[in-house]
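Colleague: Pasting a structure here, questions to come.
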Amino acid sequence: MRLDYVTIFPDFFAPLSLSLAGKAVDSGLLSVAVHDLRTWTTDRHRTVDDTPYGGGAGMVMKPEAWGAALDAVLPAPPARATLVVPTPSGRPFTQALARDLAGREHLVFACGRYEGIDQRVLDHAATRAEVDEVVEVSLGDYVLNGGEVAALAITEAVVRLLPGFMGNASSLVEESHEDGLLEYPVYTKPSSWRGHEVPPVLLSGDHGRIAAWRREQALERTARRRPDLLPPTATGTDWTIVPAT
Ligand code: 6GU
Numbered sequence: 057m058r059l060d061y062v063t064i065f066p067d068f069f070a071p072l073s074l075s076l077a078g079k080a081v082d083s084g085l086l087s088v089a090v091h092d093l094r095t096w097t098t099d100r101h102r103t104v105d106d107t108p109y110g111g112g113a114g115m116v117m118k119p120e121a122w123g124a125a126l127d128a129v130l131p132a133p134p135a136r137a138t139l140v141v142p143t144p145s146g147r148p149f150t151q152a153l154a155r156d157l158a159g160r161e162h163l164v165f166a167c168g169r170y171e172g173i174d175q176r177v178l179d180h181a182a183t184r185a186e187v188d189e190v191v192e193v194s195l196g197d198y199v200l201n202g203g204e205v206a207a208l209a210i211t212e213a214v215v216r217l218l219p220g221f222m223g224n225a226s227s228l229v230e231e232s233h234e235d236g237l238l239e240y241p242v243y244t245k246p247s248s249w250r251g252h253e254v255p256p257v258l259l260s261g262d263h264g265r266i267a268a269w270r271r272e273q274a275l276e277r278t279a280r281r282r283p284d285l286l287p288p289t290a291t292g293t294d295w296t297i298v299p300a301t
């Protein structure tokens with residue numbers, strides 16, 4: 057897989073050479089490049105933003121440098137890349153989307169500041185033969201200053217799914233979100249620690265009871281913390297009390 061990042065803060069991507077992607081790069085599974093957007097500015101001050109048409113707070117990233125950057129970073133046809141745009145107004149990033157992106161050959165991350173990139177950059181990119189899809193993605197309902205930290209999080213979620221990246225493939229299927237539930241609580245030795253005991257069922261050696269207990273814990277945890285992940289009938293809200301008339 058090939059990963060490119062276009063950003064005004066290339067230093068944010070230093071962690072890519074550490075453990076996570078660094079290992080995958082060394083093994084040849086991954087090739088990575090980080091590009092400074094200002095490389096493609098043409099004015100003396102290397103300006104990348106301007107005030108929004110229509111008024112309002114903040115600045116919007118100008119289209120010209122973005123257009124030139126994508127011209128340079130996108131592959132030559134017939135190769136194609138997926139343009140990933142981290143933004144709080146994107147669609148939710150999920151494990152399913154991570155799996156989808158992990159199946160692609162080339163991802164180009166366009167990291168803008170949170171006020172955003174001129175929409176025409178993305179609209180134009182979507183019409184290009186070198187772009188198979190433009191995916192605007194949000195990590196959740198909060199605001200980051202720019203797309204860089206989000207791009208790193210998306211990268212980690214995707215790269216660990218690449219075949220041959222993780223040592224133990226079953227730890228991938230057992231973890232949170234792969235079965236649509238939060239993960240059950242986990243314990244290791246010692247069996248007693250500061251007066252807190254490991255649930256005895258886990259010491260029983262009875263694999264059937266252990267599996268049933270874990271399933272029940274996962275369901276209870278999901279119902280308490282993330283009821284939105286459960287089907288409506290499992291959350292106890294598929295009925296209403298009809299007031300007496
Ligand atoms: Cl993907 N980008 C930015 N800038 N802010 C965010 C986000 C992404 N997800 C949540 N907040």
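Read in order, the letters of the sequence shown correspond to residues 57 to 301 in this note's numbering.
Here a beta-carbon is modelled for each residue, glycine too, at the ideal position from N, C-alpha and C.
#1: Would you please state the rounded distance, in angstroms, between the beta carbons of residue 130 and residue 184? I believe it to be under 8 Å.
#2: Are there any heavy atoms of ligand 1 lying less than 7 Å away from the beta-carbon of residue 61, as far as the coordinates show?
#3: Whose C-beta lies closer than 8 Å to the C-beta of residue 94 among residues of the same chain, with five residues either side of it excluded?
#4: How do the region 182 to 198 and the region 136 to 155 stand: do at least 3 beta-carbon pairs fall below 8 Å, yes or no?
#5: Only counting runs of 3 or more residues, tell me where the beta strand (DSSP E) segments fall wholly within the region 123 to 185, in order along the chain.
#6: If you follow the beta strand (DSSP E) that residue 59 is part of, which residue opens it and which one closes it?
#7: Return yes when the Cβ of residue 166 is within less than 8 Å of the Cβ of residue 173, no when it is not.
#8: Return helix, strand or coil for residue 202, following the three-state DSSP convention.
#9: Taking C-beta to C-beta, are residue 151 and residue 252 nearer than 8 Å?
#10: Per DSSP, what kind of secondary structure is residue 120 in: helix, strand or coil?
#11: Count the other CB atoms within 10 Å of the CB of residue 163; is the residue buried (16 or more) or exposed (fewer)?
#12: Looking only at C-alpha atoms, which of 254, 198, 107 and 270 sits nearest to residue 237?
#13: If we ignore side chains and look at the alpha-carbon of each, how far apart do residue 249 and residue 273 end up?
#14: Hey, would you say the C-beta of residue 143 is under 7 Å away from at least one heavy atom of ligand 1?
#15: Using the three-state DSSP reduction, which class does residue 272 fall into: helix, strand or coil?
#16: Under the criterion of a Cβ to heavy atom distance below 7 Å, does residue 157 qualify as lining ligand 1?
#17: Indicate the three-state DSSP secondary structure (helix, strand or coil) for residue 92 in the structure shown.
#18: Strictly by DSSP, which residues pair up with residue 99?
#19: Does the distance between the C-beta of residue 193 and the nearest non-hydrogen atom of ligand 1 fall short of 7 Å?
#20: Cutting at 8 Å between CB atoms, please list the residues of its own chain near residue 133, excluding the five before and the five after it.
#21: Answer yes or no: the CB of residue 200 versus the heavy atoms of ligand 1, is any distance below 7 Å?
#22: Would you say the beta carbon of residue 206 comes nearer than 7 Å to a heavy atom of ligand 1?
#23: Does the distance from the C-beta atom of residue 59 to that of residue 85 stay below 8 Å?
#24: Where residue 149 and residue 263 are concerned, what is the direct C-alpha to C-alpha distance, given to the nearest angstrom?
#25: Between residue 196 and ligand 1, is the CB less than 7 Å from at least one heavy atom?
#26: Confirm the yes/no value for this check: CB of residue 146, any heavy atom of ligand 1, distance under 7 Å.
Modeller: In this structure, then:
#1: Taking the first residue of the sequence shown as position 1, residue 130 is located at position 74. Taking the first residue of the sequence shown as position 1, residue 184 is located at position 128. Contact check for residue 130 and residue 184: beta-carbon distance about 7 Å, within the 8 Å limit, so the pair qualifies.
#2: For the purposes of this step, residue 61 is taken as residue 5 along the sequence shown, with counting starting at 1. In this structure, residue 61 has its beta carbon at no less than 7 Å from each heavy atom of ligand 1.
#3: If you number the sequence shown from 1, residue 94 lands on position 38. Here the set comprises 64, 102, 104 and 121.
#4: Counting Cβ pairs under 8 Å, three or more are found: they touch.
#5: The DSSP assignment places 137 to 148 and 162 to 166 as complete runs of the beta strand (DSSP E) inside the region 123 to 185, in order along the chain (cut-off: 3 residues).
#6: The count along the sequence shown starts at 1 and reaches residue 59 at position 3. Note, residue 59: beta strand (DSSP E), 58 to 63.
#7: Numbered from 1 along the sequence shown, position 117 holds the residue referred to as residue 173. Numbered from 1 along the sequence shown, position 110 holds the residue referred to as residue 166. Remark: C-beta atoms of residue 173 and residue 166 approach each other more closely than 8 Å.
#8: Residue numbering aside, residue 202 sits at position 146 when the sequence shown is read from its first letter. DSSP places residue 202 in the strand class (E or B) of the three-state scheme.
#9: Residue numbering aside, residue 151 sits at position 95 when the sequence shown is read from its first letter. Residue numbering aside, residue 252 sits at position 196 when the sequence shown is read from its first letter. No, the pair does not count as a contact, with Cβ atoms beyond the cut-off.
#10: Sequence index remark: in the sequence shown, residue 120 carries index 64 (1-based). Reduced to three states, the DSSP call for residue 120 is helix.
#11: Against the sequence shown, residue 163 aligns to sequence position 107. Result: buried.
#12: Position 181 of the sequence shown, counting from 1, holds the residue named residue 237. The shortest Cα separation from residue 237 among 254, 198, 107 and 270 belongs to 270.
#13: Within the sequence shown, the letter at position 193 stands for residue 249. Within the sequence shown, the letter at position 217 stands for residue 273. Counting only the Cα atoms, residue 273 lies some 21 Å from residue 249.
#14: Residue 143 sits at position 87 when you count from the first residue of the sequence shown. Annotation for residue 143 indicates a beta carbon within 7 Å of some heavy atom of ligand 1.
#15: In the sequence shown, residue 272 corresponds to position 216, counting from 1. Residue 272 falls in the helix class under three-state DSSP.
#16: As a position in the sequence shown, residue 157 is number 101, starting the count at 1. Outside the cutoff, so no.
#17: Counting from 1 along the sequence shown, the entry for residue 92 is found at position 36. DSSP places residue 92 in the strand class (E or B) of the three-state scheme.
#18: Reading the sequence shown from its first residue, position 43 is the one you call residue 99. Answer is none; residue 99 lacks a bridge partner.
#19: Along the sequence shown, read from residue 1 onward, the residue named residue 193 stands at position 137. Yes, the Cβ of residue 193 comes within 7 Å of a heavy atom of ligand 1.
#20: To locate residue 133, count along the sequence shown from 1; it is residue 77. Cβ neighbours of residue 133 beyond the five flanking positions: 185 and 186.
#21: For the purposes of this step, residue 200 is taken as residue 144 along the sequence shown, with counting starting at 1. Answer for residue 200: yes, Cβ within range of ligand 1.
#22: Residue numbering aside, residue 206 sits at position 150 when the sequence shown is read from its first letter. In this structure, ligand 1 has a non-hydrogen atom nearer than 7 Å to the beta-carbon of residue 206.
#23: On the sequence shown, position 3 is the one that residue 59 refers to. On the sequence shown, position 29 is the one that residue 85 refers to. With respect to the 8 Å criterion, residue 59 and residue 85 are not classified as neighbours on the basis of their beta carbons.
#24: Residue numbering aside, residue 149 sits at position 93 when the sequence shown is read from its first letter. Residue numbering aside, residue 263 sits at position 207 when the sequence shown is read from its first letter. Cα to Cα, the separation comes out at about 34 Å.
#25: Position 140 of the sequence shown, counted from the start, is the residue given in the question as residue 196. Yes - ligand 1 has a heavy atom lying nearer than 7 Å to the Cβ of residue 196.
#26: Residue mapping note: residue 146 aligns to position 90 of the sequence shown, counting from 1. Look at residue 146: its beta carbon is less than 7 Å from one of the heavy atoms in ligand 1.
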